[in-house]
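Counting in the UniProt record's numbering, the sequence shown runs from 1 upward without gaps. Down below is the structure, laid out as structure tokens.
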Amino acid sequence: MPLEPRYLAAEDRYDTMTYRRTGRSGLDLPALSLGLWHNFGDTSPFETQRAILRRALDLGITHFDLANNYGPPHGSAEENFGRHFAADLKPYRDELILSTKAGYGMWPGPYGDHGSRKYLLASLDQSLARMGVDYVDVYYHHRPDPSTPLEETMGALAAAVQQGKALYVGVSNYSPARTREAAQVLRDLGVPLFIHQPSYSMLNRHIENPAHEDPYDGRQSESLLDVVGELGVGTIVFSPLQQGLLTNKYLAGAAPEGSRAARSDSPFLSSGALTEDYLGRAKALNEIAEGRGQTLAQLALAWVLRDTRVTSALIGASSVAQLEDNVAALSAGPLTEDEIAAIEPLAQPLA
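Structure (structure tokens):
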């Protein structure tokens with residue numbers, strides 16, 4: 001049986017992708033990065049995963065975002081990525097930005113969760129083994145842990161850099177006040193906070209909002225975008241399509257068979273989200289998108305990228321066609337002031 005030809009990345013892969021500087025660092029990220037949260041576990045077809053990863057690099061997507069618990073089951077997204085990396089992507093390692101995270105429950109017992117030095121450094125070693133790489137470009141603490149001193153958690157991230165197992169460090173889901181404190185601790189350790197990964201979409205604008213009370217220390221906080229902008233920290237946002245609500249998939253008012261909202265086991269989206277409020281706003285947003293020659297998903301991606309403090313948006317893809325459709329969001333150009341004004345009353349939390 002003849003061997004399959006070795007994958008060769010497209011020669012023009014950098015010609016059309018937009019790259020943005022990450023805060024005040026020296027590193028650029030693609031405006032759209034590929035997240036391996038949902039579609040790279042053992043329940044997703046291996047060859048489909050392979051095709052998506054190959055096409056992503058061909059389109060100039062150099063950043064692949066993982067976490068220790070991505071799957072299902074936990075760890076399988078990293079394991080599957082490791083197999084794809086060994087088969088296709090290893091020759092391009094110096095052109096790739098690979099990130100992973102730890103902070104949620106990963107293994108039984110007291111040392112497989114939260115923010116201790118024990119957990120974070122052990123998890124990183126496991127992630128490197130699963131992915132088959134010597135280092136990751138970015139290592140994140142996945143969520144704040146108020147039961148562990150921030151100095152210990154940030155010290156573990158700094159140690160990962162000092163040990164040569166990560167080039168940069170980040171945090172995810174941290175409040176503005178906690179982000180500011182984490183950046184100061186890291187600065188004192190000589191390792192800058194590189195990037196923050198929060199959720200953000202037209203229907204989830206919490207990172208713009210300065211009026212929230214910090215859940216861990218009770219203080220009134222600044223907006224996260226203001227904090228990262230002041231500190232020179234990059235921002236990469238997840239769920240910019242609000243788990244599929246900001247796509248054409250649900251405009252008819254029903255959840256198509258096989259969609260996330262139609263699955264009774266989905267912890268992130270249910271058919272109960274398809275309210276009259278949602279449908280009315282989604283249809284109005286879709287009209288704006290059509291006026292730009294875009295899909296609703298493409299408009300939603302252009303919208304989160306309108307703020308220069310947002311370095312990149314994480315997209316998921318279950319097919320090459322879906323990946324290509326999302327990347328096409330960059331071809332329509334930035335939103336105009338009039339378009340942003342028309343979107344504003346529609347881009348609010350759902351009732």
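We put the beta carbon where it would ideally sit given N, CA and C, even for glycine.
Local Cβ density within 10 Å of residue i, reported as buried at 16 or more and exposed below that
i              : result
leucine 8      : exposed
asparagine 68  : buried
glutamine 242  : buried
alanine 261    : Any reading at alanine 261 must be qualified, since the residue scores a pLDDT of 49, below 50, and its modelled position is unreliable; the value itself is stated next. It counts as buried.
asparagine 209 : exposed
threonine 62   : buried
histidine 206  : exposed
serine 264     : For serine 264, the predicted structure reports a pLDDT of 46, less than 50, and the residue's modelled location is therefore unreliable. A value from the coordinates is still provided. Classification for serine 264: exposed.
lysine 90      : exposed
glutamine 162  : exposed
proline 345    : exposed
alanine 351    : exposed
glutamate 287  : exposed
threonine 336  : exposed
glutamate 47   : exposed
tyrosine 111   : exposed
alanine 166    : buried
aspartate 134  : exposed
arginine 281   : buried
glycine 272    : exposed
serine 147     : exposed
leucine 269    : Unreliable placement is indicated for leucine 269, whose pLDDT of 48 sits below 50; the coordinate value is still reported in the next sentence. Under this definition leucine 269 is a buried residue.
proline 334    : exposed
Closest residue to residue i among the options (Cα-Cα distance)
i              : options                           : result
glutamate 4    : Ala182, Ala87 and Leu305          : Ala87
glycine 164    : Thr148, Asp188 and Tyr139         : Tyr139
glycine 170    : Lys101, Phe64 and Leu96           : Lys101
glycine 232    : Ala183, Leu121 and Asn204         : Ala183
glycine 26     : Gln348, Asp137, Ala341 and Glu339 : Asp137
arginine 143   : Glu152, Asp134, Ala317 and Ser172 : Ser172
residue 358    : Arg54, Arg20 and Trp37            : A query on residue 358 cannot be resolved here, the shown segment of the chain reaching from 1 to 351 and no further.
arginine 180   : Tyr92, Val228 and Glu290          : Val228
leucine 57     : Gln294, Leu167 and Ile97          : Ile97
aspartate 188  : Ser319, Ala158 and Ala177         : Ala158
serine 199     : Thr22, Thr43, Leu193 and Tyr174   : Tyr174
arginine 6     : Asn204, Arg50 and Ser99           : Arg50
leucine 246    : Ala156, Ile236 and Gln294         : Gln294
serine 318     : Thr311, Arg281 and Asn326         : Asn326
tyrosine 168   : Thr148, Val185, Phe194 and Asp307 : Phe194
asparagine 204 : Gly105, Pro176, Gly272 and Pro349 : Pro349
proline 73     : Phe40, Asp94, Phe64 and Tyr92     : Phe40
alanine 347    : Ala77, Leu36 and Asp277           : Asp277
glycine 103    : Tyr119, Arg93 and Asp94           : Tyr119
alanine 342    : Val320, Ala289 and Thr18          : Ala289
tyrosine 14    : Gly23, Ala31 and Thr22            : Ala31
glutamate 222  : Leu274, Leu66 and Pro176          : Pro176
glutamate 324  : Gly291, Gln298 and Gly75          : Gln298
leucine 66     : Gly60, Ser76 and Leu59            : Ser76
histidine 196  : Leu124, Gly190 and Val310         : Val310
leucine 59     : Asp94, Asn248, Leu279 and Tyr19   : Tyr19
leucine 296    : Asn248, Ser239 and Gly244         : Asn248
glycine 190    : Ile315, Arg178, Leu124 and Ala160 : Ala160
serine 201     : Gln322, Glu339, Ile236 and Pro240 : Pro240
aspartate 42   : Tyr70, Thr16 and Thr22            : Tyr70
serine 33      : Leu251, Val185 and Val237         : Val237
alanine 156    : Leu121, Asp145 and Val185         : Leu121
tryptophan 37  : Glu95, Glu78 and Ser312           : Glu78
aspartate 307  : Met17, Thr16 and Gly23            : Gly23
According to DSSP, residues forming a beta bridge with residue i
i             : result
threonine 235 : His196
arginine 21   : Asp28
valine 227    : Bridge partners of valine 227: none, in fact.
histidine 141 : Ala102 and Val171
serine 33     : Leu314
valine 133    : In the DSSP output, where bridge partners are listed per residue, valine 133 has none listed.
serine 123    : Serine 123 is not bridged to any residue.
serine 201    : Asn204
heavy atom of the ligand NAP below 8 Å from residue i C-beta
i             : result
glutamate 276 : The ligand NAP is not part of this structure, which contains no ligands at all.
*Pick out the complete beta strand (DSSP E) segments inside the stretch 144-197, 3 residues or longer, and give them in chain order.*
Here the runs fully enclosed are 166-172 and 193-197.
*Can you list the alpha helix (DSSP H) stretches of 4 or more residues lying completely in the stretch 75-105, in chain order?*
76-84
*Inter-stretch contact at 8 Å, needing at least 3 Cβ pairs: the stretch 297-304 / the stretch 324-331*: yes
*asked:* Under 8 Å, with one C-beta from each stretch per pair, do the stretch 64-83 and the stretch 123-136 reach the 3-pair mark?
replied: yes
*Does the count of Cβ pairs from the stretch 147-155 and the stretch 101-121 closer than 8 Å reach three?*
yes
*In chain order, which continuous runs of the alpha helix (DSSP H) of length 4 or greater are located wholly inside the stretch 47-74?*
List check, alpha helix (DSSP H) in window: nothing returned.
*Secondary structure, beta strand (DSSP E): runs of 3+ residues fully inside the stretch 280-331*: Counting only runs of 3+ residues, the beta strand (DSSP E) found wholly inside the stretch 280-331 occupies 312-315, in chain order.
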